[in-house]
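Participant:
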Amino acid sequence: MVTAIYPGSFDPITNGHLDILERASHIFEDVIVAVLVNTSKSGLFPHEERVAMIREVTSHLKNVRVDSFSGLTAEYARRQNASILIRGLRAVSDFDSELRLALTNKKLNPELETVFLMTSAENLFLSSSTIKELVSLGGSAEGMVPGLVAQRLAQKFQRNP
Ligand code: ADP
Numbered sequence: 053m054v055t056a057i058y059p060g061s062f063d064p065i066t067n068g069h070l071d072i073l074e075r076a077s078h079i080f081e082d083v084i085v086a087v088l089v090n091t092s093k094s095g096l097f098p099h100e101e102r103v104a105m106i107r108e109v110t111s112h113l114k115n116v117r118v119d120s121f122s123g124l125t126a127e128y129a130r131r132q133n134a135s136i137l138i139r140g141l142r143a144v145s146d147f148d149s150e151l152r153l154a155l156t157n158k159k160l161n162p163e164l165e166t167v168f169l170m171t172s173a174e175n176l177f178l179s180s181s182t183i184k185e186l187v188s189l190g191g192s193a194e195g196m197v198p199g200l201v202a203q204r205l206a207q208k209f210q211r212n213p
């Protein structure tokens, strides 16, 4: 069985992430969404909440699992027996850093192949950070994130204006 990991911060999951994930789940037999626990950067949502939201919005994808990890992605992939690392690509601006990451991961784990999926046109400008900024300024994230996430985002910024 081919296991693929899809690592990221997912703070929070957006329709862009979900689209990549749905497409990846049609290509690979077993897909793990791997939420990076970043000890130096706390983020907006605690990682347990990010994991819970992803579980809820991916419950229709039967071959998708959600997990969290810290440390090197290449080592995490080895522990999971994963041979594929999925990343999404938006504009050319993603290319530089993604190439660097892919080459570094290849060096650390030669068995791990990075596979890039192109964003869908409607998600080209979606990023977790832009959405957080938008909602913090009073805008609505509807149509950019799953309904549950839009609700949680609105609650966060109502409580801490
Ligand atoms: P990271 O902090 O590792 O970049 P993110 O949660 O921001 O984690 O993103 C995880 C992955 O999803 C990355 O490969 C990123 O390029 C991809 N991604 C994020 N937003 C989109 C989008 N709108 N369309 C396609 N891919 C996306």
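Per the numbering used here, the sequence shown starts with residue 53, numbered consecutively. Just so it is clear, CB atoms sit at the ideal spot from N, CA and C, and this is done for glycine as well.
1. Does the structure place the region 66-84 close enough to the region 161-180 that three or more beta carbon pairs sit under 8 Å?
2. Whole alpha helix (DSSP H) runs in the region 72-124 with 4 or more residues, listed along the chain?
3. In this structure, does DSSP put R211 in helix, strand or coil?
4. From F177 to M196, what distance separates their C-alpha atoms?
5. Give a single yes or no on whether D119 has its beta carbon closer than 7 Å to a heavy atom of the ligand ADP.
6. Can you tell which of E127, R142, A86, E100 has its C-alpha closest to the C-alpha of D119?
7. Taking just the CA atoms, how far does A206 sit from N175?
8. Of all the options R139, L160, N157, F80, which has the alpha carbon lying nearest to the alpha carbon of F62?
9. What do you reckon, are the CB atoms on I11 and A193 nearer than 8 Å?
10. Would N128 pass as a contact of I72 if the rule is Cβ separation under 8 Å?
11. Can you list, in chain order, the residues of its chain with a C-beta nearer than 8 Å to that of V54? Leave out the 5 residues immediately preceding and following it.
12. Output yes or no for whether 8 Å exceeds the beta carbon distance between R130 and N157.
13. If I measure Cβ to Cβ from E163 and keep anything under 7 Å in the same chain, skipping five residues before and after, which residues do I get?
14. By a C-beta neighbour count over all protein chains shown, 10 Å radius and 16 as the cutoff for buried, is A126 buried or exposed?
15. Please state whether DSSP places L151 in a helix, a strand or coil.
Facilitator: According to the data block:
1. yes
2. 99-109
3. Note that R211 scores a pLDDT of 48, beneath 50, so its modelled location is shaky; the value from the coordinates is reported in the next line. Residue state, collapsed to three classes: helix.
4. 10 Å
5. no
6. A86
7. 20 Å
8. R139
9. Because the chain in this structure spans residues 53 to 213, residue 11 falls outside the shown range and cannot be described.
10. For the sequence presented, residue 128 should be read as Tyr rather than Asn. Cβ distance not < 8 Å, so Y128 and I72 don't count as in contact.
11. F80, E81, D82, S135, I136
12. no
13. S135
14. buried
15. helix
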